[in-house]
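Input: a single structure, listed below in structure tokens.
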């Protein structure tokens with residue numbers, strides 16, 4: 334029998350590890366891309382008396398930063414710390430398997446509304462059981478719906494939610510621009 338290098342165990346082990354490494358690089362790239370877009374939207378330090386979040390830096394509230402062990406002044410929060418918090422708290426593992434625009438759309442909502450509310454909104458849009466968890470059923474329904482259709486419906490659901498908030502008169506223009514930016518991706 335001739336030796337076939339493509340069937341050898343060594344070839345398989347080497348190339349599967351290269352493949353897995355490449356998959357994780359793509360996943361990190363998607364998060365990095367999402368973080369860069371989010372960073373532009375969230376900006377730097379803010380302490381708006383009308384914002385329930387209070388002191389924020391890069392969109393990270395003081396309470397979230399403290400929960401992650403940050404003890405310094407909020408206006409000095411390192412960008413790397415903010416990025417780490419976004420990855421651990423708001424970038425769900427399922428986002429790595431969705432088209433980037435869809436993943437970013439939900440990620441942005443997780444940041445702005447909280448993870449549970451964002452996932453509930455997604456479940457309303459795709460008519461999934463509303464449990465606030467992004468499981469395989471919800472993910473499959475999102476995928477089946479298609480990115481363009483899902484993003485438009487999800488952004489509509491977000492705008493509907495925003496208009497129900499008493500802060501709409503203060504922050505409505507900014508929230509609308511945030512949604513417009515997502516629709517333009």
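Residue numbers (the working numbering): 334 to 518. Ideal Cβ positions, reconstructed from N, Cα and C, are used throughout, including at glycine. Computed from a predicted structure; not experimentally measured.
- For residue 391, the secondary structure class from DSSP, reduced to helix, strand or coil, is coil.
- According to the DSSP assignment, residue 455 belongs to the alpha helix (DSSP H) that extends over 448-459.
- The continuous alpha helix (DSSP H) containing residue 506 extends over residues 501-516.
- For the alpha helix (DSSP H) assignment, the uninterrupted runs of no fewer than 4 residues enclosed by the region 377-450 are, from N- to C-terminal side, 395-400, 412-422 and 433-446.
- When DSSP states are grouped into helix, strand and coil, residue 375 belongs to the helix group.
- Between the region 382-389 and the region 359-373 there are fewer than three C-beta pairs closer than 8 angstroms, too few to call the two in contact.
- Taking each of 517, 447 and 463 in turn and checking the Cα distance to residue 480, the smallest one comes out for 517.
- A direct Cα-Cα distance of roughly 17 angstroms separates residue 395 from residue 443.
- For residue 481, the enclosing alpha helix (DSSP H) has its first and last residue at 480-496.
- Counting only residues of its own chain and dropping the five nearest sequence neighbours on each side, residue 488 has a CB closer than 8 angstroms to the CB of 438, 512, 515 and 516.
- When DSSP states are grouped into helix, strand and coil, residue 464 belongs to the coil group.
- Spatial neighbours of residue 379 in its own chain (CB-CB distance under 7 angstroms, excluding positions within 5 residues in sequence) are listed in chain order as 389.
- One Cα belongs to residue 492, the other to residue 508, and the distance between them is close to 8 angstroms.
- Between the beta-carbon of residue 429 and that of residue 363 there is about 6 angstroms, and that keeps the pair under the 8 angstroms contact cut.
- The beta carbons of residue 453 and residue 463 sit closer together than 8 angstroms.
- Looking at the backbone, the Cα of residue 406 and that of residue 503 are separated by about 26 angstroms.
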